[in-house]
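To start, the structure itself, in structure tokens.
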Amino acid sequence: MARYTGPATRISRRLKVDLVGGDKAFERRPYPPGQHGRGRIKESEYLLQLQEKQKARYTYGVLEKQFRRYYEEAVRRPGKTGENLLQILETRLDNVVYRAGLARTRRMARQLVAHGHFIVNGQKVNIPSFRVSKFDIIDVKPKSLPTLPFEVAKATFGDRPIPGWLQVVPSTLRILVHQVPERAQIDTPVTEQLIVELYSK
């Protein structure tokens, strides 16, 4: 799902530059090297909107078709479409497991859910996109508690802040959903209005 956006460092470029004229020549250019370097992409309004949508998709690990369905649901709900969209994404079960500190990444949380380690309101759930609601209770299966991922989660509990709309019982790793998150409680660095503008064209 991740897209290649260039090398993490400029080591490869710098090695090449050192052979053909030193580092200063490279640093002076306000454009990338190569024949087409001067044709820099302009930051159009559409590009900014698309980048914001892609950022949200990659953050939550959602495919385009599913993301579009979430947007259409957000439009049908009362209130602001952008905030509704973020609420839908935040209340996915894999995201809730990640937010509660039971997984280091959303990808890991998705895998734990898919492997059937969680019970929601007494029922086994293995669908990462399952939507939690206010007052839901999420438990780790008793057989799964002694396994390594959850032992690590207990040992590292408190290392990451837990949002106010969730509560976690450290001894059993039970997650209590107090409410659907409000926009102020969602710290994902996404400008949702740009996504709404993109889809409403």
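Those letters in the sequence shown? Residues 1 to 201, by full-length UniProt numbering.
Glycine included, C-beta positions come from ideal geometry on N, C-alpha and C.
Can you check which of these residues, GLY116, VAL97, LYS201, HIS117, is closest to VAL168 by C-alpha distance?
For VAL168, the nearest C-alpha among the options comes from VAL97.
Could you give the first and the last residue of the continuous alpha helix (DSSP H) run that contains ASP94?
It spans 93 to 99 - the alpha helix (DSSP H) in which ASP94 sits, taken as one unbroken run.
Measure how close the beta-carbons of THR191 and LEU86 come, nearest whole angstrom, since I'm counting them as under 8 Å.
Their Cβ separation, rounded to whole angstroms, is 11 Å, which puts THR191 and LEU86 out of contact at 8 Å.
Tell me, to the nearest whole angstrom, how far the beta carbon of VAL196 is from that of LYS134; I am working on the premise that it is less than 8 Å.
Distance from VAL196 to LYS134 at the Cβ level is roughly 25 Å; contact not present, criterion being Cβ atoms closer than 8 Å.
Going by CA-CA distance only, name the one from ILE88, ALA153, ASN121, SER129 that's closest to ASP136.
Ranking ILE88, ALA153, ASN121, SER129 by Cα distance to ASP136 puts ASN121 first.
Pick from SER144, ALA153, ARG174: whose alpha carbon is nearest that of ALA103?
If we check each option's Cα against that of ALA103, ALA153 comes out closest.
At which residues does the beta strand (DSSP E) containing GLN179 begin and terminate?
DSSP places GLN179 outside any beta strand (DSSP E), giving it a letter other than H or E.
Would the region 58 to 77 count as touching the region 106 to 125 if we require 3 or more Cβ pairs under 8 Å?
Counting Cβ pairs under 8 Å, three or more are found: they touch.
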